[in-house]
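Numbering (the working numbering), first residue to last: 126 to 185.
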């Protein structure tokens, strides 16, 4: 599992859904975070590169 903001997010779900496991992040905020990080909403967490994960962590 990838760890973002102190929360393990599921690897097999799309990243837009996985980010909602973080307290206070809903689908809308998740989409905004991914747009800011430049990552596609359709990407699975297991397919993210370390660079993309780093950009998501900064955006959160």
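The C-beta atom is built at its ideal place from N, Cα and C for all residues, glycine as well.
Cα-Cα separation, residue i to residue j
i	j	result
residue 134	residue 155	13 Å
residue 167	residue 147	18 Å
residue 182	residue 153	17 Å
Start and end residues, alpha helix (DSSP H) containing residue i
i	result
residue 181	175 to 184
residue 158	152 to 162
Identified DSSP bridge partners for residue i
i	result
residue 169	139
Cβ neighbour criterion (16 or more within 10 Å) applied to residue i
i	result
residue 177	buried
Enclosing beta strand (DSSP E) for residue i [first to last residue]
i	result
residue 134	132 to 134
Assumed close pair residue i, residue j - CB separation to whole angstroms, cut-off 8 Å
i	j	result
residue 162	residue 180	4 Å
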